[in-house]
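First residue of the sequence shown: 40, per our numbering; consecutive thereafter.
Glycine included, C-beta positions come from ideal geometry on N, C-alpha and C.
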Amino acid sequence: MKKIAVFVEDMYHELELWYPYYRLQEAGFQPVLVGTGDKKEYLSKRDLPAKEEVSIRDANAADYDGVVVPGGFAPDKMRRSKEMLSFVQECFDDGKLVAAICHGPWVLISARVLAGKKCTSCAAIIDDVVNAGGKFEDAEAVVDGNLVTSRSPKDLPAFMKAVLSVLQS
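If you want it as structure tokens, here you go:
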């Protein structure tokens, strides 16, 4: 069974974490909530708890088939974690799934994997994406090789269709 890291930190967006988590599970994958290791339980923007299943300090990218970075304001904390950035970069370099939605591409920017890649994001970070060398497209979901990005919760069906397509290829 393919194991997929789903990053979590305080201020995550509820739908952008749980929708992919359960869709991955329904499709026969093993999603794992990987936190920054700062605590065992993280709160969403609306105080919905998510329990860390594995700390990034104990997670080895070689043991996973990809990573999903949900949005909200959690990516601003995630991108400060050298371990999370290394995990993303290793997955990307190994051709494994690297998926991010909404503010999630902040992590991809800090992991230095967006340069020259087609991608999308929420409107608030378009300048960040473009300044990092990403080729921004205003679309529900954008796939460029093993990289999948999406704009917002309303795009979750298209995002997960793309994520599952990359995982099943």
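Start and end residues, alpha helix (DSSP H) containing residue i
i: Phe198; result: 195 to 206
i: Asn121; result: Note on residue identity: the sequence assigns Lys, not Asn, to residue 121. Note, Lys121: alpha helix (DSSP H), 121 to 132.
i: Ser160; result: Note, Ser160: premise wrong, no alpha helix (DSSP H); not H, not E.
i: Lys116; result: 113 to 117
Sequence-distant residues of its chain with Cβ nearer than 7 Å to residue i (five each side left out)
i: Gly220; result: This structure does not reach residue 220, given that the chain is present from 40 up to 208, and the question cannot be answered.
i: Gln207; result: none
i: Ala178; result: Thr159
i: Ala139; result: Val108, Val146, Leu147, Thr188
i: Leu87; result: Glu53
Sequence-distant residues of its chain with Cβ nearer than 6 Å to residue i (five each side left out)
i: Val169; result: Phe175
i: Tyr51; result: Ser83, Pro109, Gly111, Ala113
CB contact flag (residue i, residue j, <8 Å)
i: Ala113; j: Asp194; result: no
i: Pro59; j: Val45; result: yes
i: Val182; j: Ala201; result: yes
i: Thr75; j: Met40; result: no
i: Ala66; j: Leu203; result: yes
Rounded straight-line distance, which links the Cα of residue j to that of residue i
i: Ala100; j: Lys42; result: 10 Å
i: Val93; j: Val73; result: 5 Å
i: Phe68; j: Leu136; result: 13 Å
i: Trp57; j: Ala89; result: 9 Å
i: Pro196; j: Gly143; result: 17 Å
i: Cys161; j: Tyr103; result: 27 Å
i: Ser191; j: Arg119; result: 22 Å
i: Phe131; j: Arg151; result: 10 Å
i: Lys79; j: Cys141; result: 24 Å
i: Ile95; j: Ile165; result: 27 Å
Residue range of the beta strand (DSSP E) that includes residue i
i: Ser191; result: Where Ser191 is concerned, there is no enclosing beta strand (DSSP E), given that its DSSP letter is neither H nor E.
i: Val181; result: 180 to 183
i: Ile140; result: 136 to 140
Residue i at chain C interface by Cβ criterion, 8 Å
i: Leu136; result: Checking the listed chains, one finds no chain C in this structure; it contains a single protein chain.
In the segment 58 to 88, which residue ranges form an unbroken beta strand (DSSP E) of at least 3 residues, counting only runs that do not cross its ends?
Counting only runs of 3 or more, we get 69 to 74, 80 to 82.
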